[in-house]
Amino acid sequence: MVAESTRSGEMNRAWDALLGEVDEQREQLRAVAQELGSVTVEATSADRLVRVVINARGMLTDLDIDPLALRRHRADQLSTLICDLVERADSELTARRNQLVAGIVQDQGPHLRDLD
700 MVAESTRSGE MNRAWDALLG EVDEQREQLR AVAQELGSVT VEATSADRLV RVVINARGML
760 TDLDIDPLAL RRHRADQLST LICDLVERAD SELTARRNQL VAGIVQDQGP HLRDLD
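Letter 11 of the sequence shown, counting from 1, is numbered 710 in my numbering, and no numbers are missing.
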């Protein structure tokens with residue numbers, strides 16, 4: 700009977716620890732989601748004449764084209780440059796997102812083996 704009581708107490712402590720880890724992870728995810736929702740990424744051309752800004756969803760939110768860029772680049776070149784800059788910004792956004800989430804994933808979360 701004492702052994703069962705001890706085992707039951709150990710199980711309760713393990714469950715409490717597990718639930719504590721789940722709550723902590725939930726809070727970390729909430730913070731990451733909030734941060735990800737407000738991220739913007741900027742990319743600028745090598746000649747610094749064109750700049751794009753994308754939001755957390757990868758949508759173009761700002762485009763700055765220096766008038767000199769209109770004289771240096773044909774329309775098709777400028778279009779390709781803008782698309783390339785948006786793609787570069789989106790790649791950076793993905794890298795940032797992965798970096799933020801990696802901190803939580805690397806922690807491995809709750810350990811169910813503690814409940815054996």
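Where is the CB? At the ideal position from N, CA and C, for every residue including glycine.
Practice problem: Assess, as a yes-or-no matter, whether the segment 721-735 is touched by the segment 786-806 under the definition of 3 or more beta carbon pairs within less than 8 angstroms. | Solution: The segment 786-806 is in contact with the segment 721-735.
Quiz prompt | Residues of its chain near Asp746, where Cβ-Cβ distance is below 8 angstroms and the 5 sequence neighbours each way are ignored | solution = Non-local C-beta neighbours of Asp746 in its own chain, meaning closer than 8 angstroms and more than five positions away in sequence, comprise Ala768, Arg771, ordered along the chain.
Quiz prompt | Presumed contact (8 angstroms Cβ cut-off) between Asp761 and Val752, rounded CB distance | solution = Yes, Asp761 and Val752 are in contact; Cβ-Cβ is about 4 angstroms, under 8 angstroms.
Quiz item: Within 10 angstroms of its Cβ, does Ala794 collect 16 or more other Cβ (buried), or is it exposed?
Solution: By the neighbour-count rule (16 or more Cβ atoms within 10 Å), Ala794 is not buried but exposed.
Quiz item: Which full runs of the alpha helix (DSSP H) of 4+ residues lie inside the segment 711-775, going along the chain?
Solution: Here the runs fully enclosed are 766-771.
Exercise. Assign Leu721 to buried or exposed, taking buried as 16 or more other Cβ atoms, counted over all protein chains shown, within 10 Å of its Cβ.
Key: Residue 721 is actually Val in this sequence, not Leu. Its Cβ having fewer than 16 others within 10 Å, Val721 is exposed.
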